[in-house]
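This report concerns only the one structure given below.
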Amino acid sequence: MKKYFILLLLASQLFGESHYEEAYNLEKTNTLFAIPLYEKALVHKPTGKLQKAVVSRLFYLYKKHNKILDALFLGSRFPSIITSKDRAWIWNDLGEIYKPLSITELSSTYVFVAKAKENQTLELSEHLKQFNSPKLYEFASILLLKRKQYKSVLEIFESNPTMAVSPIFIGISEIKSKEDFGKEYLKTILAESELEKSDLQKSDILYLMGMYYRLTDDIGSSVRYFRMSGSFALKNRSISETFKSLVLNVNPKEACSLYKISPSKNDEIELLIHYFCTNDPVWRTFRPSIKVLANREGNEFLNNLFFSENQ
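Just so we're on the same page, the numbering used here is the position in the sequence shown counted from 1, plus 486.
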């Protein structure tokens, strides 16, 4: 048994080294798409010099491509490699995004989020109640969603429902964590008066309906609701999610005809869609990175685009 365990560790290290070398070589020509390969290398839990190399390169690329929360989580996970001085830019950037909240309010909230577990969010809830700030609840919710702690999101709002100025965080958490994919919650918010909702809230509700129908394999309905969500707010979100559903429905040509977003140089998914719809073969040079991305929740549509029999 011990020998078997040692062999597993050795195999994991070898996979980590392989992904690191692949990422390092790709970084010379494309820094953005090197990120998924470095992340894959880190999954294999490298040690020693290899761990330091992977973490250091990944943190540098997170900063280069403005992936603030990824950098925050990585720096907290490896404080001996990424020092507090190296992490200072993260809090400065977050402070700008979440004005008028202070960096102290944000960083202390992060500490409580990092300690929170499902059914153990009392300290976090009490901390948030002290400030009673919807914006701080938003920050905490985004961090918890990033950690896939959906039930924790529900718990912090259960203790202070008035902070849920939008249904988006509760809705996503209900859809991701409940056996009915949030059906009962969606019924509740749909029954509320339209007169009391802002355009952003209406857009969020329609977006959540699109999510629900996509997860329950009613792709046609998901396309309809994602499209409608953009008529109220967040047009780019609407276009992006409509595109994904159309591709899952094996309709990439229609998807491309609707996709009118100028891709961000820091967004892998937007760039991949752009490459596909413009018939740019450059994506073939980072095919291994696309495979890593396609295996992540929410990115399943990439398989239809880049790994179908026609590609």
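Every residue gets a Cβ at the ideal spot worked out from N, C-alpha and C, and that includes glycine.
A quick note: this is a predicted structure, and the numbers were derived from the prediction, not measured.
Determine the contact status of Leu640 and Ser619, defining contact as a CB-CB distance below 7 Å. Taking C-beta atoms as the reference points, Leu640 and Ser619 fail to come closer than 7 Å.
In or out: Glu682 buried (at least 16 other Cβ within 10 Å) or exposed? Counting Cβ neighbours within 10 Å, Glu682 comes out exposed, since fewer than 16 surround it.
Here's a check: name, in chain order, each residue in its chain whose Cβ is nearer than 7 Å to the Cβ of Thr607, leaving out the five neighbours to either side. Here the set comprises Ser638, Glu641, Ile642.
Run of the alpha helix (DSSP H) containing Asn618, from where it starts to where it stops: That residue, Asn618, is in no alpha helix (DSSP H); it is neither H nor E in DSSP.
What would DSSP say about Leu494, mapped onto helix, strand or coil? Residue confidence is low: Leu494 scores 45 on pLDDT, short of 50, so the model does not pin down where it sits. Its coordinate-derived value is still stated next. It is helical.
In the DSSP assignment, the alpha helix (DSSP H) including Trp769 goes from what residue to what residue? For Trp769, no alpha helix (DSSP H) segment is defined, and its DSSP state is neither H nor E.
Below 7 Å between beta carbons: does that hold for Ala719 and Leu686? For Ala719 and Leu686, yes; Cβs fall inside 7 Å.
Can you name the start and end residues of the alpha helix (DSSP H) that Arg782 belongs to? Counting along the chain, Arg782 falls outside any alpha helix (DSSP H), and DSSP gives it neither H nor E.
Residue environment, Ile492, which counts as buried when at least 16 other CB atoms sit within 10 Å: Below a pLDDT of 50, predicted positions are generally treated as unreliable, and Ile492, at 49, falls in that range; no measurement from the model is reported.
Does Gln537 come out as helix, strand or coil in the three-state DSSP assignment? Note: Gln537 maps to helix in three-state DSSP.
Extent of the continuous alpha helix (DSSP H) run through Met803: Residue 803 cannot be examined here, being either before or after the span of the chain that is shown, 487 to 797.
Rounded straight-line distance, which links the Cα of Ile661 to that of Gln616: In this structure, the CA atom of Gln616 is about 29 Å from the CA atom of Ile661.
Can you look up Lys751 in the DSSP assignment and give me helix, strand or coil? In this structure, Lys751 counts as coil in the three-state DSSP scheme.
Taking the straight line between their C-alpha atoms, what separation do you get for Lys669 and Glu503? In a straight line, the C-alpha of Lys669 is about 44 Å away from that of Glu503.
Among Ser645, Lys621, Ile656, Pro647, the one whose alpha carbon lies nearest that of Gln635: Ranking Ser645, Lys621, Ile656, Pro647 by Cα distance to Gln635 puts Ile656 first.
Take Thr595 as the anchor and find which of Leu610, Tyr584, Ile583, Glu604 has the nearest alpha-carbon. Closest option to Thr595, Cα to Cα, is Leu610.
Could you tell me which residues DSSP pairs with Gln635 in its beta bridges? DSSP, once it has assigned bridges, lists no residue as partnering Gln635.
Could you name the residues of the same chain whose beta carbon sits closer than 6 Å to that of Leu558, not counting the 5 residues immediately before and after it, in chain order? Ile576.
Here's a check: name, in chain order, each residue in its chain whose Cβ is nearer than 8 Å to the Cβ of Tyr490, leaving out the five neighbours to either side. In this prediction, Tyr490 has a pLDDT of 43, which is less than 50 and means its spatial position is unreliable; what the coordinates show is noted afterwards. So the list is empty, once near-sequence residues are dropped.
Taking the straight line between their C-alpha atoms, what separation do you get for Glu678 and Tyr584? For Glu678 and Tyr584, the gap between their C-alpha atoms comes out near 29 Å.
Take Ser663 as the anchor and find which of Asn646, Met649, Leu630 has the nearest alpha-carbon. For the residues Asn646, Met649, Leu630, the minimum Cα distance to Ser663 belongs to Leu630.
So does the stretch 509-527 actually touch the stretch 764-778, counting three or more Cβ pairs closer than 8 Å? With a cut-off of 8 Å, the stretch 764-778 and the stretch 509-527 count as touching, because enough Cβ pairs lie within range.
Pull up the distance between the alpha-carbon of His760 and that of Ile747, whole angstroms please. Distance from the CA atom of His760 to the CA atom of Ile747, rounded to whole angstroms, is 8 Å.
Could you tell me which of Glu786, Asn789, Ser794, Val768 sits nearest to Leu512, measuring between CA atoms? Considering only alpha carbons, the answer is Val768.
DSSP three-state call for Lys603: helix, strand or coil? Under the three-state reduction of DSSP output, Lys603 falls in the strand class.
For Lys601 and Ser743, what's the separation of their Cα atoms in angstroms? Spanning the two alpha carbons is a distance of roughly 46 Å.
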